[in-house]
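Engineer:
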Ligand code: NDP
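Residue numbers (the UniProt record's numbering): 1 to 282.
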């Protein structure tokens, strides 16, 4: 009997994760024989659980909250984008048994913004709200699109300044606090805070979004998030949540593991249809 290759996502909490569904749909679509499971793993148990997973023959692992920094420390080798992000969401066992750490969050966001939604980034003013692990993963691919400005705003300005300092060699990136956003305008506002998860919003000036601008919330939910609603009420051309990014970052991981790129549009469409059925969405 042919042995099935095993993959998993570790995190805490994990029961809500859509990753097993997404990877199962990718595997069906591309004819790959594989299994992908979700496992609740705390930060304390991460090293033991990961070592056990790979020792048992596991091929690849996704890591989510609160494990991305631990995965970055765990990897034997890092891709350049993971090294810079200081966070890893994809671990892969290589032929020699060593573990490669990668970060596919940034390319996931970029593909959703530019390919799926046709949002132009070159020459535009971009504001990122929040300075956590997700922000670290998205700064480099955004800077590579040559925006005219990239500002990171955070409550704890020290964290925003630290990220800006790490990436300043790659382009014009600056840090500020929320009070400094008064009288400024941006063409694209990306919410990378975890505020949406509790229905909150950072304090945003009414005039923050330029005419014709767009909003993107990395968080996603069955109903429109607080930030997606903010975008809609401030006339954003696009006011999107992070479901597309989730599918796109998964596609990148799948491609690393299986050397075949799945089509993301049907999977995004299916997940959107399912949540529209389950909610009275926006
Ligand atoms: P972190 O915990 O690393 O960072 C959270 C950030 O949110 C911090 O900067 C924190 O500010 C800020 N924050 C939290 N609450 C508030 C609030 N009420 N008001 C203002 N700022 C607040 O989280 P991550 O960076 O890992 O994740 C951020 C978001 O991105 C989450 O919603 C996550 O689900 C989502 N995400 C989505 C992905 C996708 O594929 N769609 C992929 C990765 C992440 P401070 O530093 O001041 O405390």
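Even for Gly, the Cβ is constructed at its ideal location relative to N, Cα and C. None of these values were measured; they are calculated from a predicted model.
Taking C-beta to C-beta, are residue 220 and residue 203 nearer than 8 Å?
Structural biologist: On the chain shown, residue 220 is found 220 positions in, with the first residue counted as 1. On the chain shown, residue 203 is found 203 positions in, with the first residue counted as 1. Contact: no.
Engineer: Please work out which residues of its chain come closer than 6 Å, Cβ to Cβ, to residue 239, disregarding the five sequence neighbours upstream and downstream, and give them in chain order.
Structural biologist: Counted from its first residue, the chain shown places residue 239 at position 239. The answer, listed in chain order, is 215, 228, 231 and 232.
Engineer: From what residue to what residue does the alpha helix (DSSP H) around residue 55 run?
Structural biologist: Taking the first residue of the chain shown as position 1, residue 55 is located at position 55. Element bounds for residue 55: 46-55.
Engineer: Does the pairing of the stretch 152-160 with the stretch 97-105 give three or more beta-carbon distances under 8 Å?
Structural biologist: No, the stretch 152-160 is not in contact with the stretch 97-105.
Engineer: Taking the continuous alpha helix (DSSP H) assigned at residue 173, which residues delimit it?
Structural biologist: As a first step, residue 173 is located in the chain shown; it is residue number 173 there, counting from the start. Counting along the chain, residue 173 falls outside any alpha helix (DSSP H), though it belongs to the beta strand (DSSP E) covering 173-176.
Engineer: What is the rounded straight-line gap between the Cα of residue 114 and the Cα of residue 120?
Structural biologist: Within the chain shown, numbered from 1, the residue matching residue 114 stands at position 114. Within the chain shown, numbered from 1, the residue matching residue 120 stands at position 120. Whole-angstrom Cα-Cα distance: 6 Å.
Engineer: Would you please state the rounded distance, in angstroms, between the beta carbons of residue 250 and residue 77? I believe it to be under 8 Å.
Structural biologist: Along the chain shown, read from residue 1 onward, the residue named residue 250 stands at position 250. Along the chain shown, read from residue 1 onward, the residue named residue 77 stands at position 77. The pair is not a contact, with the Cβ atoms about 22 Å apart (cut-off 8 Å).
Engineer: Kindly indicate which residue of 145, 259 and 38 has the alpha-carbon position closest to the one of residue 110.
Structural biologist: Residue numbering aside, residue 110 sits at position 110 when the chain shown is read from its first letter. Comparing Cα-Cα distances from residue 110 to each of 145, 259 and 38, the minimum goes to 145.
Engineer: How big is the Cα-Cα spacing for residue 201 and residue 218?
Structural biologist: Counted from its first residue, the chain shown places residue 201 at position 201. Counted from its first residue, the chain shown places residue 218 at position 218. Each residue's alpha carbon lies about 13 Å from the other.
Engineer: For residue 173, does the count of other Cβ atoms within 10 angstroms reach 16, so buried, or fall short, so exposed?
Structural biologist: Here the question's residue 173 lines up with position 173 in the chain shown. Residue 173 should be labelled buried.
Engineer: Per the DSSP calculation, residue 62 is bridged to which residue(s)?
Structural biologist: Locating residue 62 in the chain shown gives position 62, counting from the first residue. Looking at the DSSP assignment, residue 62 forms a beta bridge with 9 and 90.
Engineer: Does the separation of the CB atoms of residue 62 and residue 19 fall below 8 Å?
Structural biologist: By one-based count along the chain shown, residue 62 stands at place 62. By one-based count along the chain shown, residue 19 stands at place 19. Yes, Cβ-Cβ distance for residue 62 and residue 19 is below 8 Å.
Engineer: Output needed for residue 206: all residues of its chain with C-beta closer than 8 Å, excluding positions within five of it in sequence on either side, in chain order.
Structural biologist: By one-based count along the chain shown, residue 206 stands at place 206. Closer than 8 Å at Cβ, skipping near neighbours: 234.
Engineer: May I ask you to check if the CB of residue 125 is nearer than 7 Å to at least one heavy atom of the ligand NDP?
Structural biologist: As a first step, residue 125 is located in the chain shown; it is residue number 125 there, counting from the start. For the ligand NDP, not one heavy atom lies less than 7 Å from the Cβ of residue 125.
Engineer: Near residue 70, which residues of its chain fall below 8 Å by C-beta distance, leaving aside the five closest residues on each side in sequence?
Structural biologist: Counting from 1 along the chain shown, the entry for residue 70 is found at position 70. Once the five neighbours on either side are set aside, the close Cβ partners of residue 70 are 43, 46, 47 and 63.
Engineer: For residue 124, count neighbouring C-beta atoms within 10 Å of its own C-beta (all shown protein chains included) and say buried if the count is 16 or more, exposed if not.
Structural biologist: Walking along the chain shown from the start, residue 124 turns up at place 124. So residue 124 ends up on the buried side.
Engineer: Please confirm whether residue 79 and residue 258 have their CB atoms less than 8 Å apart.
Structural biologist: Working through the chain shown from its first residue, we reach residue 79 at position 79. Working through the chain shown from its first residue, we reach residue 258 at position 258. In this structure, residue 258 does not lie closer than 8 Å to residue 79 by Cβ.
Engineer: Give me, in chain order, the residues of the same chain whose beta-carbon lies closer than 8 Å to that of residue 280; leave out the 5 immediate sequence neighbours on both sides.
Structural biologist: As a first step, residue 280 must be located in the chain shown, where it is residue number 280. Here the model assigns residue 280 a pLDDT of 39, short of 50, so the residue's position is not dependable, and the following value carries that caveat. If we look at residue 280 and ignore the five residues flanking it on each side, its Cβ neighbours are 223.
Engineer: Just the Cα atoms here: how many angstroms apart are residue 282 and residue 94?
Structural biologist: Along the chain shown, read from residue 1 onward, the residue named residue 282 stands at position 282. Along the chain shown, read from residue 1 onward, the residue named residue 94 stands at position 94. The pLDDT assigned to residue 282 is 36, lower than 50, so where the model puts this residue is not dependable; a value taken from the coordinates is nonetheless given after this. Roughly 43 Å separates the two Cα atoms.
Engineer: For residue 125, which of helix, strand or coil comes out of DSSP?
Structural biologist: Walking along the chain shown from the start, residue 125 turns up at place 125. Looking at residue 125 - three-state DSSP - the assignment turns out to be strand.
Engineer: My assumption, with CB atoms under 8 Å, is that residue 149 sits in contact with residue 164. Please give the rounded CB distance.
Structural biologist: Within the chain shown, residue 149 is the residue found at index 149, counting from 1. Within the chain shown, residue 164 is the residue found at index 164, counting from 1. About 12 Å separates the two Cβ atoms, so there is no contact after all.
Engineer: Within the stretch 164-249, note down every full beta strand (DSSP E) run reaching 3 residues or more, in order along the chain.
Structural biologist: The stretch 164-249 contains these whole beta strand (DSSP E) runs: 173-176, 186-191 and 209-217.
Engineer: Taking residue 146 as part of the beta strand (DSSP E), name the residues at either end of that continuous run.
Structural biologist: Taking the first residue of the chain shown as position 1, residue 146 is located at position 146. Neither: residue 146 is in no beta strand (DSSP E) and is coded neither H nor E.
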